[in-house]
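Novice:
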Amino acid sequence: EEWKIPTMKDWQTLKKNCLWVYTNHYGKRNSKGFLVYKVKREEDKGKEIYPSKYDEIEGYTEKDPHIFLPSTGDRVSGSLDLRDDTMGYYWSSEKDSLYENTGRSFNFNDRGIFPNACSTRYLGRCVRPIRNSPEEKSLFLEKRVDELTKRNSTLEDELEKKEQEILSLRKENSAMQKVIQELKKEFEQIKISIPTQRCTGTTNGHEWVQLWEGGPKFATCNIGASKPWGYGDYYRWGETYDQRSGKGKGILPSDSDIATISWGKEWRMPTMSEFQALLENCGEGEWVEYYKGSGIKGRLFRGVGDGFTEQELFFPVAGYCSNGGFGNVGSSGYYWSSVPRGSNSAWVLYSCSDDAYMFSCSRYYGQSVRAVCAKN
């Protein structure tokens with residue numbers, strides 16, 4: 247607010263009330279331009295003196311109060327126009343009243359002053375600012391305060407609208423959070439109740455567990471055992487004769503198996519594909535040294551997928567029985583599938599501390615049986 251670009255009236259007032267002396271050697275650089283003196287005599291007001299008439303500036307020196315307006319030329323497309331190095335061009339704050347792209351300026355050279363010139367606004371020219379008068383400063387500040395007051399009022403209105411929007415969004419968010427909490431509670435109830443009903447159960451007094459959606463319902467114990475870590479009985483493939491106790495009925499008919507004979511028609515031996523699905527869905531399982539404090543080693547398979555992660559299936563490594571003796575008890579597990587291989591072998595799920603996989607084994611070894619519930 248202290249400074250402004252002069253109006254044409256300001257330039258004309260300066261021209262009218264001062265002595266104007268053109269020089270070719272102002273200051274240490276010998277600059278060309280006008281010395282504009284504060285007059286000492288009334289008759290000197292508005293007088294113009296040029297280099298050829300220096301004898302007319304009696305009583306004035308560069309030490310007297312003055313300003314200097316150098317002959318600056320102007321710039322066109324970035325280049326300085328030096329065709330006349332005595333020209334000076336100074337913008338006013340006013341546009342030309344007739345042409346939009348022209349502005350009014352105060353121009354001069356070493357031959358004359360042109361106090362009301364018009365030029366294209368795209369020329370680069372100098373600006374000599376002047377200080378505002380107290381009245382002008384007051385008007386400027388008043389205008390600025392008015393602008394800021396209006397802007398502040400607009401911002402306050404916008405802020406109030408934003409606050410209302412935020413309040414509305416907070417209410418909406420609060421309502422949404424309540425809905426989310428209710429849905430979470432409902433989901434937890436469904437998650438707890440429905441999956442539990444479908445992934446565990448009891449059939450003919452024997453418990454079963456499902457480890458993934460649509461997976462087989464494996465018995466939790468071996469045939470002949472009452473606990474998940476019990477070894478149970480040892481059977482040759484296709485026989486009901488327990489190799490450990492010597493009890494049984496001999497060779498099975500082709501349309502039945504030891505699980506069906508022992509636990510009823512809702513139970514059967516697992517297929518090779520069901521064992522392979524166990525390995526594919528649950529991996530090789532986890533080797534356990536002391537399952538639930540029993541001191542029994544084996545492979546533990548855990549459920550996968552929503553509603554099944556709390557379920558587990560333990561296969562103790564019961565070894566095998568052959569010719570009345572036992573082998574690999576506590577280090578390897580052998581579980582018959584219902585699928586034969588050739589005339590003398592059948593497929594077995596094998597497990598040890600390092601691995602779990604399917605392989606074929608002679609039918610004449612007594613090995614464990616883990617039944618599958620056939621009831622849907």
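Okay, so the sequence shown: first residue is 247 according to our numbering, each after it adds one. All C-beta atoms in this analysis are idealised placements derived from N, C-alpha and C, irrespective of residue type, glycine included. Every value quoted in this text rests on a predicted model; they were computed, and no experiment measured them.
Restricting to runs no shorter than 4 residues, where is the alpha helix (DSSP H) found entirely within the stretch 254-305?
Specialist: 254-263
Novice: Can we count LYS274 as close to the ligand ATP, meaning its CB is less than 7 Å from some heavy atom?
Specialist: Of ligands this structure carries none, so the ligand ATP is not represented either.
Novice: Excluding the 5 residues preceding and the 5 following GLU459 in the sequence, name in chain order all residues of the same chain whose CB lies nearer than 6 Å to its CB.
Specialist: Taking the first residue of the sequence shown as position 1, residue 459 is located at position 213. Counting only Cβ-Cβ distances below 6 Å, and skipping sequence neighbours, we find GLY551.
Novice: Using the beta-carbon count (16 or more within 10 Å), is PHE605 buried or exposed?
Specialist: Against the sequence shown, residue 605 aligns to sequence position 359. Counting Cβ neighbours within 10 Å, PHE605 comes out exposed, since fewer than 16 surround it.
Novice: For GLU558, is the classification buried or exposed, using 16 other Cβ atoms within 10 angstroms of its Cβ as the cut-off for buried?
Specialist: Here residue 558 refers to the residue found at position 312 when the sequence shown is read from its first residue. Buried, because 16 or more other Cβ atoms sit within 10 Å of the Cβ of GLU558.
Novice: Where does LYS511 fall in DSSP's three states?
Specialist: What you label residue 511 is simply residue 265 of the sequence shown in a count that begins at 1. In the three-state DSSP reduction, LYS511 falls in the coil class, being neither helix nor strand.
Novice: Can you tell me the Cα-Cα spacing of GLY292 and GLU304, whole angstroms?
Specialist: Working through the sequence shown from its first residue, we reach residue 292 at position 46. Working through the sequence shown from its first residue, we reach residue 304 at position 58. Cα to Cα, GLY292 sits roughly 16 Å from GLU304.
Novice: Provide the residue(s) that pair with MET604 in DSSP beta bridges, ordered along the chain.
Specialist: Residue mapping note: residue 604 aligns to position 358 of the sequence shown, counting from 1. MET604 is bridged to LEU595.
Novice: Are ALA620 and ALA465 touching if we call contact CB-CB under 8 Å?
Specialist: Here residue 620 refers to the residue found at position 374 when the sequence shown is read from its first residue. Here residue 465 refers to the residue found at position 219 when the sequence shown is read from its first residue. Contact: no.
Novice: State the DSSP-derived secondary structure class of TYR580, mapped to helix, strand or coil.
Specialist: Position 334 of the sequence shown, counted from the start, is the residue given in the question as residue 580. Here TYR580 sits in strand by DSSP.
Novice: Please report the distance separating the alpha-carbon of TYR611 from that of GLU485.
Specialist: Against the sequence shown, residue 611 aligns to sequence position 365. Against the sequence shown, residue 485 aligns to sequence position 239. Looking at the two C-alpha atoms, the distance is approximately 11 Å.
Novice: Apart from the five residues just before and just after GLY541, which ones in its own chain have a Cβ nearer than 8 Å to its Cβ?
Specialist: To locate residue 541, count along the sequence shown from 1; it is residue 295. Around GLY541: no qualifying Cβ.
Novice: Pop quiz: SER237 and TYR336 are said to be a contact at Cβ under 8 Å. What is the actual Cβ separation, rounded to whole angstroms?
Specialist: For residue 237 there is no data in the structure shown, the boundaries of the chain being 247 and 622.
Novice: For GLU520 versus ASN450, is the C-beta spacing smaller than 8 Å?
Specialist: For the purposes of this step, residue 520 is identified with residue 274 of the sequence shown, where counting begins at 1. For the purposes of this step, residue 450 is identified with residue 204 of the sequence shown, where counting begins at 1. Result no, Cβ atoms of GLU520 and ASN450 do not sit closer than 8 Å.
Novice: Quick check on SER583: buried or exposed, where buried means 16 or more other Cβ atoms within 10 Å of its Cβ?
Specialist: Working through the sequence shown from its first residue, we reach residue 583 at position 337. SER583 should be labelled buried.
Novice: Could you pull the DSSP bridge partners for THR348 from this structure?
Specialist: Taking the sequence shown and counting its residues from 1, the one referred to as residue 348 is at position 102. Answer by DSSP bridge pairing, in chain order: THR366.
Novice: Compute the distance between the beta-carbons of CYS607 and SER578, then report whether it is under 8 Å.
Specialist: Walking along the sequence shown from the start, residue 607 turns up at place 361. Walking along the sequence shown from the start, residue 578 turns up at place 332. The answer is no: Cβ separation not under 8 Å.
Novice: Taking buried to mean at least 16 other C-beta atoms within 10 Å of its own C-beta, is PHE360 buried or exposed?
Specialist: The residue you call residue 360 lines up with position 114 of the sequence shown. Exposed, by the Cβ-count rule.
Novice: Give me the residue from ILE507, LEU413, GLN456, MET333 with the minimum Cα distance to ASN270.
Specialist: Position 24 of the sequence shown, counted from the start, is the residue given in the question as residue 270. Here the closest residue by C-alpha is MET333.
Novice: Measure the alpha-carbon distance for LYS495 versus VAL534 and round it to whole angstroms.
Specialist: Counting from 1 along the sequence shown, the entry for residue 495 is found at position 249. Counting from 1 along the sequence shown, the entry for residue 534 is found at position 288. Low confidence applies to LYS495: its pLDDT is 46, below 50, so where it sits in the model is not reliable enough to give any reading.
Novice: Please check the pair GLY470 and GLY478, which I expect to be a contact at CB under 8 Å, by giving their CB distance rounded to whole angstroms.
Specialist: As a working mapping, residue 470 is identified with position 224 in the sequence shown. As a working mapping, residue 478 is identified with position 232 in the sequence shown. Confirmed, about 4 Å.
Novice: By how many angstroms is the C-alpha of ASP403 removed from the C-alpha of LYS417?
Specialist: The count along the sequence shown starts at 1 and reaches residue 417 at position 171. The count along the sequence shown starts at 1 and reaches residue 403 at position 157. LYS417 and ASP403: Cα-Cα distance of roughly 21 Å.
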